[in-house]
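Asker: Got a structure for you, written out below as structure tokens; questions coming shortly.
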Amino acid sequence: DSRQQQPNQNRDYRDHDEKFDQRKAGGGTVTFATTGSNFDTLLAAYTGTGVSNLTPIADNDDFNGALQSAITFDVQGGVIYYFAVDGFAGATGSIVFGWNLTTQNYTITVSASPSAGGTVSGGGTFAAGSSRTVTATPN
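So this is what it looks like as structure tokens:
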């Protein structure tokens with residue numbers, strides 16, 4: 035079982051794993067949680083090229099005093115994230131694995147100076163990771 039090669043960070047995260055593919059979206063902040071699971075969960079996130087080559091990103095046991103887990107971290111477009119969910123001390127049950135992605139935006143403000151010197155276009159608010167062209171045209 036390839037999952038047995040996952041890092042355990044002094045915990046046993048080998049029983050269940052998930053993959054979140056962030057390659058099609060821009061960056062943002064994501065929260066993953068096991069809220070609603072009916073047992074004491076452990077949750078960990080990793081990046082890497084495969085199960086045998088993972089780098090820990092975040093882990094949690096007992097978020098906010100509850101027996102379920104939650105982690106929040108920044109994600110980047112073009113990256114695959116791997117997750118492991120397990121039960122504390124071998125606990126088992128039904129896993130509820132949810133997430134919320136908040137994308138990051140950036141704003142480009144454009145203006146001509148002096149104002150009678152020409153026009154500038156291309157400003158606005160855009161999703162992180164997107165490209166925009168700003169055009170300046172003199173009078």
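Residues in the sequence shown are numbered consecutively from 35, following the numbering used here. In this text, a Cβ means the ideal position worked out from N, Cα and C, and glycines have one as well. This structure is a prediction, so every number in the text was calculated from the model and none was measured.
1) Indicate the three-state DSSP secondary structure (helix, strand or coil) for Ser-86 in the structure shown.
2) Give the straight-line distance between the Cα atoms of Ala-78 and Pro-148, rounded to the nearest whole angstrom.
3) Suppose the cutoff is 6 angstroms on Cβ atoms and the five residues either side in sequence are ignored; what does the same chain contact list for Thr-106 look like?
4) Check each candidate in Asn-173, Gln-138, Asp-96 and Asp-108 and name the one with the smallest Cα separation from Ser-71.
5) Quick check: is the beta carbon of Ser-103 nearer than 8 angstroms to any beta carbon in chain D?
6) Using only CA atoms, which one of Ile-114, Ala-104 and Phe-73 lies nearest to Thr-83?
7) Under the three-state reduction of DSSP, which class applies to Gly-151: helix, strand or coil?
8) Kindly indicate which three-state DSSP category Ala-123 falls into: helix, strand or coil?
9) For Phe-122 and Phe-160, I'd like the C-alpha separation in whole angstroms.
10) To the nearest angstrom, report how far apart Phe-131 and Val-119 are at their CA atoms.
Answerer: If we stick to the structure as given:
1) To locate residue 86, count along the sequence shown from 1; it is residue 52. Ser-86 falls in the coil class under three-state DSSP.
2) One-based indexing of the sequence shown puts residue 78 at position 44. One-based indexing of the sequence shown puts residue 148 at position 114. Spanning the two alpha carbons is a distance of roughly 54 angstroms.
3) In the sequence shown, the residue the question calls residue 106 occupies position 72. Excluding residues within five positions, the ones whose Cβ falls inside 6 angstroms are Thr-65.
4) As a working note, residue 71 is residue 37 in the sequence shown. Nearest C-alpha to Ser-71: Asp-96.
5) The chain labelled as chain D is not found in the depicted structure, where only one protein chain is given.
6) Indexing the sequence shown from 1 puts residue 83 at position 49. For the residues Ile-114, Ala-104 and Phe-73, the minimum Cα distance to Thr-83 belongs to Ile-114.
7) Position 117 of the sequence shown holds residue 151. In the structure shown, Gly-151 sits in a helix (DSSP, three-state: H, G or I).
8) As a first step, residue 123 must be located in the sequence shown, where it is residue number 89. The answer is helix: DSSP assigns Ala-123 an H, G or I state.
9) Counted from its first residue, the sequence shown places residue 122 at position 88. Counted from its first residue, the sequence shown places residue 160 at position 126. Going by the C-alpha atoms only, they are around 42 angstroms apart.
10) Position 97 of the sequence shown, counting from 1, holds the residue named residue 131. Position 85 of the sequence shown, counting from 1, holds the residue named residue 119. One C-alpha to the other measures close to 9 angstroms.
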